[in-house]
Amino acid sequence: MKFNPTKNKCTRIGKPELMEPPTWQLDGQTINLSEDTTILGVNLTNNLKAKSHIKNRIRACNQSVFKFTTAGLSYPGLNCEVKTHIWNTVNCPVLTYGLETLHITNSEMGDLKSAQGSIVKRGLGLSKRSHYHRVLQACNITPIEEIIAENAARLYHSIFQCDTPAKEF
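Note that the numbering used here has the sequence shown beginning at 11, numbered continuously upward.
This is how it looks when you write it as C-alpha cells:
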C-alpha cells in the first residue's frame, strides 16, 4: 500500500508542550503539521474550537436552502407545512451535522440560532426583525440547541450500547 504524503497531514491538538514541534514522516517523506483537519466532514482545529466547523455548516445550509428556491422554498412558494418538512428533513441536518461531537460556546450557539432564524424567516417572507422563537413555535420547528442536545444524547446512547473501551470511563 502506498501513502500520499500530500493528502496526509498531522495535527497537534491543544497547547504545544515542546519548544520545537517534531517532524513526522510516512514512507520516508515528511508530513506537514497542520492547524486543522477534517474527519468525516467535521472540521477539527488544534485549539478544539468549533468556529470553523460551524461556519462551514452555516454556509452548507445556506447552499442547501438555495438549491430548493426554484422548487418553491422561497417566499411565497410552498405552504408553511411543506417548508417546515423540508427544513426538518434536509436543511436542519445539513446545519447540525457533526455538532454533537464538538464543544459549542454560547457565542457559537448564538451564531447557529441566528442562522436558523434568518433562514426560516427568509423562507417565510418575514422581516429580519421578527422574533424567531415565535416563528419557530408557529411553524412547529425545534430550536437548534434542542436538536444538537438530542443528537448528542443519541450519540452517547449508541456509544454505550456497543462493547467498547469507552464503557470503562
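For each residue, glycine too, the CB sits at the ideal point set by N, CA and C.
The Cβ neighbour count for TYR166, taken over all protein chains shown within 10 Å, is under 16; the residue is labelled exposed.
Beta bridge pairing from DSSP links ASP46 with THR55.
DSSP, reduced to helix, strand and coil, places THR40 within a strand of the structure shown. Cα atoms of PHE13 and LEU36: separation of roughly 7 Å, rounded to the nearest angstrom. Using a Cβ-Cβ distance cut-off of 8 Å, the region 112-125 and the region 49-63 are in contact, since at least three pairs of beta carbons, one from each stretch, lie closer than that value.
Secondary structure within the region 67-142: the alpha helix (DSSP H) runs of 4 or more consecutive residues, fully enclosed, are 90-96, 102-106 and 116-134 (chain order). Our two residues, SER168 and ALA148, have alpha carbons roughly 32 Å apart in a direct line. Between VAL130 and LEU146, the C-beta spacing is below 8 Å. Sequence-distant partners of TYR85 (beyond 5 residues in either direction) whose C-beta falls short of 6 Å from its own C-beta, in its chain, are GLY135.
The alpha carbon of TRP97 has as its nearest neighbour, out of GLY127, THR111 and ILE114, the alpha carbon of GLY127.
C-alpha of ILE158 to C-alpha of HIS143: approximately 17 Å in a straight line. Scanning THR40, ILE49, ASN18 and GLU45 for the CA closest to the CA of PRO26 turns up GLU45. For CYS172, the secondary structure class from DSSP, reduced to helix, strand or coil, is coil.
Rounded to whole angstroms, THR111 and ILE41 show a C-alpha spacing of 26 Å.
In this model, LEU83 and HIS141 are separated by some 20 Å (Cα to Cα).
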